[in-house]
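Okay, so here's the structure we're looking at.
Numbering (our numbering), first residue to last: 4 to 262.
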């Protein structure tokens, strides 16, 4: 899954693809380099990010989705949003799935939109929002706690009419977790694979990698991310959400050839 951020303030590529031609060029390059899914985000979810609101998201997303559907009709488009109104709009114009970093907590009405549409739904574990999540990184046992909280959100989603086969789970690396929490989750990925839903991991260029390898520049964390990607493949993770498609595709191919 390639990351296509059409934002001004995402942590590693904010502002690079905010105009339509550059976003189309970047998305097309990702496909050429091996992306199987495009994940388009018009709202930064980095720690401390301000919300731009659903109207701005829709204004940014609609032209790009329409154009990409014409250029690359075979490539599924995921939209990274936690607003039900955004989800409804993008699914109606051809987006294929919704990637909700709040797992339905931010706007529970999103469950009804997903249920009515029948689309896949990435349900992510997180706490609070971009402004508050760092202060909420407190767990008794991070693996058990994240699994329990994910299960609660899954139950809520199912109660609203979403079907099991629509759900993809994401333990939310970097969302209300510190470095040790993230590493512990990665060591125990099989616990999430065993929940019998497809698993997505989005760790690309994140702060915890920088902390481990002592690299402050997010764009220079690729070797750290390569190790994470290899671990994910060996654990049976289904989807990797990444910035560096060409390089991580090679890591995936090589890891699969070894395990």
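Cβ atoms here follow ideal geometry from the backbone N, Cα and C, with glycine treated the same way.
Remember, predicted model here, so these are calculated numbers, not experimental data.
In the DSSP annotation of this structure, residue 148 is not part of any beta strand (DSSP E); the continuous alpha helix (DSSP H) holding it starts and ends at 145-162.
With 16 or more neighbouring CB atoms inside 10 Å of its own CB, residue 42 falls in the buried class. Distance from the CA of residue 155 to the CA of residue 88, rounded to the nearest whole angstrom, comes to 23 Å. Just measuring C-alpha positions, the residue of 207, 241 and 236 sitting nearest residue 225 is 207. Put simply, the backbone Cα of residue 91 is about 20 Å away from that of residue 73.
Ranked by Cα distance from residue 203, the options 116, 147, 31 and 103 are led by 103.
Counting the other CB atoms within 10 Å of its CB gives residue 193 a total below 16, which places it among the exposed residues. The beta-carbon separation of residue 101 and residue 64, rounded to 12 Å, does not stay under the 8 Å limit for a contact. Note on residue 150: 16 or more other CB atoms within 10 angstroms of its CB, so buried under the neighbour-count rule. By the criterion of a C-beta distance shorter than 6 Å, residue 122 is surrounded in its chain by 94 and 100, once the five residues flanking it on both sides are discounted. Apart from sequence neighbours up to five positions away, no residue of its chain approaches residue 56 with a beta-carbon distance below 7 Å.
For the 7 Å CB-CB criterion, residue 129 and residue 105 form a contact. Cα atoms of residue 213 and residue 236: separation of roughly 21 Å, rounded to the nearest angstrom. Rounded to whole angstroms, the separation of the alpha carbons of residue 142 and residue 40 is 32 Å.
Annotation: residue 62 to residue 261 spans about 45 Å, alpha carbon to alpha carbon.
Cβ atoms of residue 68 and residue 98 come within 8 Å of each other, at about 6 Å.
In the assembly as shown, residue 120 is a buried residue. Its beta-carbon has 16 or more other beta-carbons within 10 Å. Residue range 87-95 is occupied by the alpha helix (DSSP H) that includes residue 93. Bridge pairing for residue 100: 81 [DSSP]. Rounded to the nearest angstrom, the gap between the Cα atoms of residue 255 and residue 248 is 10 Å. Residue pairing from DSSP places residue 42 in a beta bridge opposite 6 and 81.
Residue nearest to residue 187 within the set 118, 77, 231 and 135 is 231 (criterion: CA-CA distance).
The beta carbon of residue 242 sits closer than 6 Å to those of 4 and 203, all from its chain and outside the five residues before and after it, given in chain order. In the structure shown, residue 59 falls within a helical segment according to DSSP collapsed to helix, strand and coil. Bounds of any alpha helix (DSSP H) do not take in residue 135, whose DSSP letter is neither H nor E. In the structure shown, residue 124 falls within a strand segment according to DSSP collapsed to helix, strand and coil. Here residue 245 carries a strand assignment [DSSP, helix/strand/coil].
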